[in-house]
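Participant:
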Amino acid sequence: MAIEHVAIIGAGVAGLTAALALAHRGIASIVIEQAEQLIEVGAGLQLSPNATRILDRLGLLRRLESVWLEPESIRLRSGTRLSTIAEVPLGAFARERWQAPYGVLHRATLQKILLDAVSGQSLCRLVTGQRIDSPSMEALEAICGTKPDVIIGADGVWSVARQRIAGAEPARFSGNVAWRMLLSEQDAPDFIDRDKVTAFLGPSTHLVAYPLRDSGQINLVAIAHGRDPGKGWDHSAGGRTELKHAFRRWHPRVREMIDGVEKPRMWPLYEMPEGAWSNSRDTILIGDAAHAVTPFAAQGAAMAIEDAYELALELAMQDPADAIRAFATKRKPRVKKIRKRGAFNRFVYHVRGPLALGRNLVLAFRPSHAVAEDLDWIYEYRAEYRPEE
Ligand SMILES: Cc1cc2nc3c(=O)[nH]c(=O)nc-3n(C[C@H](O)[C@H](O)[C@H](O)COP(=O)(O)OP(=O)(O)OC[C@H]3O[C@@H](n4cnc5c(N)ncnc54)[C@H](O)[C@@H]3O)c2cc1C
């Protein structure tokens with residue numbers, strides 16, 4: 001059975017990329033989004049070559065290049081001394097080694113670029129201000145005006161599409177929280193690199209900093225153990241006391257910088273245990289709805305983009321049940337490996353005391369090409385090529 005109509009719940013990175021990838025395969029879709037307007041509450045986003053290769057295939061690279069920054073390197077630094085621990089080159093090196101660029105930008109910018117592309121596609125329709133509470137086929141048919149052949153749940157960590165899938169696991173709090181902060185570039189202290197992604201590592205904490213060329217700001221993400229503030233993103237009201245406490249042993253210049261941020265926004269970090277992604281018939285979860293991961297490997301959005309592209313390939317070639325099965329079989333091992341890498345990074349980034357000293361020594365003696373080699377399996381990933389591309 002050729003697939004003609006797809007209903008996508010959620011217009012985040014996963015849902016919008018899926019609509020676009022399906023349109024590239026000649027399949028029509030309706031994206032149903034609860035928000036009236038797509039206002040991105042996040043801050044910065046790192047897009048690694050495995051994701052940018054796909055965005056290039058979808059015709060978006062030129063627009064991304066006009067607004068993002070391609071950082072020179074990822075630099076690991078001590079959060080207590082500010083000294084450099086290790087550095088992995090990016091920029092031209094990334095383009096050459098992984099055959100695609102590494103870029104950083106504001107999440108709102110990526111969302112706008114995806115949204116513009118979706119709006120320019122006659123095969124895509126976006127319905128906003130429409131929350132799905134009960135994802136029955138009848139409810140979706142009423143919104144779409146036709147019975148969808150496939151339902152894609154791209155509705156994030158608190159997915160309702162999951163209700164259609166026996167064995168789908170709910171998200172659970174990871175024990176970590178992130179504070180997302182933005183500083184204007186001119187106010188940021190001079191120890192913050194303007195051309196790199198920097199990960200400062202401290203006891204049970206880390207802080208990632210990189211410039212956002214598209215907004216003239218420095219993006220800061222501070223991660224530490226924390227309590228679960230409850231469902232929902234963007235707990236702007238609370239968290240400053242916890243933030244100060246978590247970073248109390250850090251270098252005074254970092255503490256001073258954090259103290260100066262006007263509105264740190266606290267995000268609880270959720271993750272998903274392995275569970276079912278599909279009902280093996282007509283419904284499949286992608287992105288955070290299927291497999292939210294903590295941001296220790298900076299791969300959540302990249303996985304959503306890979307999912308969207310791979311799913312469109314499968315749906316274009318076979319009937320829904322076979323396509324969904326093939327997709328899950330292919331994607332699950334990769335996501336599992338990424339999750340493991342995130343857990344490993346969490347351990348390495350947050351170790352304390354003598355273990356931290358050992359980590360610094362090991363990393364200091366590793367040549368940067370060896371560190372880059374460790375990333376090959378993530379960044380070299382190529383969604384399967386199909387001749388019709
Ligand atoms: C601190 C932090 C830093 C990160 N940094 C990076 C990074 O550098 N690189 C990277 O690749 N990833 C990063 N990530 C992960 C990345 O942001 C997510 O994995 C990605 O945005 C998930 O996209 P999604 O489309 O699956 O879900 P979401 O972005 O959550 O989108 C879901 C959409 O569905 C809508 N929706 C939900 N429920 C309903 C409903 N019932 N009816 C209708 N609509 C609904 C929502 O409004 C939303 O628009 C980071 C995450 C965090 C928390």
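With the working numbering, letter number 379 in the sequence shown gets 379, and the count goes up by one each step, no holes. Backbone N, C-alpha and C fix where the C-beta goes; we use that ideal spot for every residue, glycine too. Please read all numbers here as calculations on a predicted model, not as lab measurements.
Kindly indicate which residue of 75, 57 and 49 has the alpha-carbon position closest to the one of residue 94.
Facilitator: Translated into the one-based positions of the sequence shown, residue 94 becomes position 94. Taking only the C-alpha atoms, the option nearest residue 94 is 49.
Participant: Are the CB atoms of residue 86 and residue 371 nearer to each other than 8 Å?
Facilitator: Here residue 86 refers to the residue found at position 86 when the sequence shown is read from its first residue. Here residue 371 refers to the residue found at position 371 when the sequence shown is read from its first residue. Cβ atoms of residue 86 and residue 371: closer than 8 Å.
Participant: Among 18, 124, 288 and 212, whose alpha-carbon lies nearest the alpha-carbon of residue 45?
Facilitator: Position 45 of the sequence shown holds residue 45. For residue 45, the nearest C-alpha among the options comes from 212.
Participant: So residue 211 is in the beta strand (DSSP E); what residue range does that whole segment cover?
Facilitator: Residue mapping note: residue 211 aligns to position 211 of the sequence shown, counting from 1. First-last of the beta strand (DSSP E) with residue 211: 205 to 212.
Participant: Closest by CA to residue 219, which one among 358, 315, 186 and 130?
Facilitator: Looking up residue 219 in the sequence shown gives position 219. When each option's Cα is compared against that of residue 219, the closest is 186.
Participant: For the stretch 1 to 13 against the stretch 25 to 41, do three or more pairs of beta-carbon atoms, one drawn from each stretch, fall closer than 8 Å, so that the two count as touching?
Facilitator: Because the criterion of three Cβ pairs below 8 Å is met, the stretch 1 to 13 and the stretch 25 to 41 touch.
Participant: Assuming the contact rule is C-beta atoms closer than 8 Å, residue 68 and residue 214 should be a hit. Round their C-beta distance to whole Å, please.
Facilitator: Here the question's residue 68 lines up with position 68 in the sequence shown. Here the question's residue 214 lines up with position 214 in the sequence shown. Sure, about 7 Å apart at Cβ, within 8 Å.
Participant: Would residue 167 and residue 276 be called neighbours here (beta carbons separated by less than 8 Å)?
Facilitator: In the sequence shown, the residue the question calls residue 167 occupies position 167. In the sequence shown, the residue the question calls residue 276 occupies position 276. Yes. Within cutoff.
Participant: Going by DSSP in three states, residue 27 sits in which element: helix, strand or coil?
Facilitator: Translated into positions along the sequence shown, residue 27 becomes position 27. If DSSP states are grouped into helix, strand and coil, residue 27 belongs with coil.
Participant: With distances taken Cα to Cα, identify the nearest neighbour of residue 217 among 340, 106 and 322.
Facilitator: Against the sequence shown, residue 217 aligns to sequence position 217. Considering only alpha carbons, the answer is 106.
Participant: Does any heavy atom of ligand 1 sit closer than 7 Å to the C-beta of residue 34?
Facilitator: Taking the sequence shown and counting its residues from 1, one reaches residue 34 at position 34. Yes, ligand 1 has a heavy atom inside 7 Å of this Cβ.
Participant: For residue 197 versus residue 104, is the C-beta spacing smaller than 8 Å?
Facilitator: Within the sequence shown, the letter at position 197 stands for residue 197. Within the sequence shown, the letter at position 104 stands for residue 104. Yes. Within cutoff.
Participant: Given that a residue counts as buried once 16 or more other Cβ atoms are within 10 Å of its Cβ, and exposed if not, what is residue 299?
Facilitator: The residue you call residue 299 lines up with position 299 of the sequence shown. Burial call: buried.
Participant: Specify the secondary structure class of residue 70 as computed by DSSP and reduced to three states.
Facilitator: Mapped onto the sequence shown, residue 70 falls at position 70. If DSSP states are grouped into helix, strand and coil, residue 70 belongs with coil.
Participant: For the beta strand (DSSP E) holding residue 272, just list the boundary residues, first then last.
Facilitator: One-based indexing of the sequence shown puts residue 272 at position 272. Segment: none, residue 272 is in no beta strand (DSSP E) and carries neither H nor E.
Participant: Using 8 Å as the limit for Cβ to Cβ distance, is residue 229 near chain B?
Facilitator: Protein chains in the displayed structure number just one, and chain B is not present.
Participant: Let me make sure I understand the geometry here. Which of 77, 138, 91 and 15 has the alpha-carbon closest to that of residue 124?
Facilitator: Along the sequence shown, read from residue 1 onward, the residue named residue 124 stands at position 124. Ranking the options by Cα distance to residue 124, first place goes to 15.
Participant: Under 8 Å, with one C-beta from each stretch per pair, do the stretch 199 to 211 and the stretch 240 to 256 reach the 3-pair mark?
Facilitator: Touching, yes.
Participant: Residue ranges of each alpha helix (DSSP H) run of no fewer than 4 residues wholly in the stretch 82 to 146, ordered along the chain?
Facilitator: Entirely contained in the stretch 82 to 146, the alpha helix (DSSP H) runs reaching 4 residues are, in chain order, 91 to 98, 107 to 119 and 137 to 144.
Participant: Beta carbon of residue 118, beta carbon of residue 135: below 8 Å?
Facilitator: What you label residue 118 is simply residue 118 of the sequence shown in a count that begins at 1. What you label residue 135 is simply residue 135 of the sequence shown in a count that begins at 1. No, Cβ-Cβ distance for residue 118 and residue 135 is not below 8 Å.
Participant: Can you tell me which of 296, 122, 242 and 279 puts its alpha carbon nearest to the alpha carbon of residue 25?
Facilitator: Indexing the sequence shown from 1 puts residue 25 at position 25. Closest option to residue 25, Cα to Cα, is 122.
Participant: Take the Cβ of residue 354 as the centre, count every other Cβ of all protein chains shown within 10 Å, and call the residue buried at 16 or more, exposed below.
Facilitator: One-based indexing of the sequence shown puts residue 354 at position 354. Counting Cβ neighbours within 10 Å, residue 354 comes out exposed, since fewer than 16 surround it.
Participant: Check the C-beta distance from residue 193 over to residue 3 and give it rounded, since I have them as a contact under 8 Å.
Facilitator: Numbered from 1 along the sequence shown, position 193 holds the residue referred to as residue 193. Numbered from 1 along the sequence shown, position 3 holds the residue referred to as residue 3. Their Cβ separation, rounded to whole angstroms, is 47 Å, which puts residue 193 and residue 3 out of contact at 8 Å.
Participant: Is there contact here, the stretch 271 to 286 with the stretch 318 to 327, by at least three beta-carbon pairs under 8 Å?
Facilitator: Cβ pair count under 8 Å is three or more, so yes.
Participant: Here's the rule: buried if 16 or more other CB atoms are within 10 angstroms of the residue's CB, otherwise exposed. What is residue 301?
Facilitator: Taking the first residue of the sequence shown as 1, we reach residue 301 at position 301. Buried, by the Cβ-count rule.
Participant: According to DSSP, which residues form a beta bridge with residue 34?
Facilitator: In the sequence shown, counting from the first residue as 1, residue 34 sits at position 34. Partner(s): none; residue 34 has no beta bridge.
Participant: Leaving aside the five residues before and after residue 223 along the sequence, list all residues of the same chain whose C-beta is less than 6 Å from its C-beta, in chain order.
Facilitator: Against the sequence shown, residue 223 aligns to sequence position 223. Same-chain partners within the cutoff: 176, 178 and 206.
Participant: Taking Cβ to Cβ, would you say residue 294 is nearer than 8 Å to residue 346?
Facilitator: Position 294 of the sequence shown, counted from the first residue, corresponds to residue 294. Position 346 of the sequence shown, counted from the first residue, corresponds to residue 346. Cβ atoms of residue 294 and residue 346: closer than 8 Å.
Participant: Measure from the alpha carbon of residue 66 to the alpha carbon of each residue in 78, 29, 109 and 82, then state which is nearest.
Facilitator: Residue numbering aside, residue 66 sits at position 66 when the sequence shown is read from its first letter. That would be 109, whose Cα lies nearest to the Cα of residue 66.
Participant: Is DSSP giving residue 387 helix, strand or coil here?
Facilitator: Here the question's residue 387 lines up with position 387 in the sequence shown. For residue 387, the predicted structure reports a pLDDT of 43, less than 50, and the residue's modelled location is therefore unreliable. A value from the coordinates is still provided. In this structure, residue 387 counts as coil in the three-state DSSP scheme.
Participant: State yes or no: is the C-beta of residue 396 within less than 8 Å of the C-beta of residue 80?
Facilitator: There is no way to answer for residue 396, as the model of the chain reaches only from 1 to 389.
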